[in-house]
Amino acid sequence: MAKVTSKLQITLPKRIAEKHGIAPGDEIRFESTGHSITIIPGKQPGQEQLSRDERLRLFDEATRRLQARAAELPAATPSPRDWRREDLYSRGTAD
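If you're matching positions, the sequence shown starts at 6 in the working numbering and goes up one per residue.
What follows is the structure, given as structure tokens:
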């Protein structure tokens, strides 16, 4: 049975960590489920970390999709206003 330290840290048994693919430095999430606590690994078994180049490629693809979508939208035209910027600096002063 694992114990909780004074800093509220818990040691995960090696056998369980290996079974679920949890390694030092991995992120895990705790969820309160009624009268128990569930530990959820940040990555699912078999889910590999993407390489830097793959993440950049996916980011570039998403950027191109957003740019194409934005190009299809009508250009926003500002509505006319009844004041000028200079008017802001002369408010409340005697002319």
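Just so it is clear, CB atoms sit at the ideal spot from N, CA and C, and this is done for glycine as well. The structure displayed is predicted, hence computed values, not measured ones.
Boundaries of the alpha helix (DSSP H) in which residue 101 is found, first to last residue = Nothing can be reported for residue 101, as the shown portion of the chain is limited to 6 through 100.
Assuming residue 46 and residue 30 form a contact by the criterion Cβ under 8 Å, report the distance between their Cβ atoms to the nearest whole angstrom. As a first step, residue 46 is located in the sequence shown; it is residue number 41 there, counting from the start. As a first step, residue 30 is located in the sequence shown; it is residue number 25 there, counting from the start. In fact, because the Cβ distance is near 12 Å, the residues do not count as touching under 8 Å.
### Task
Name the one or two DSSP bridge partners that residue 37 has.
Against the sequence shown, residue 37 aligns to sequence position 32. DSSP lists 42 as partners of residue 37.
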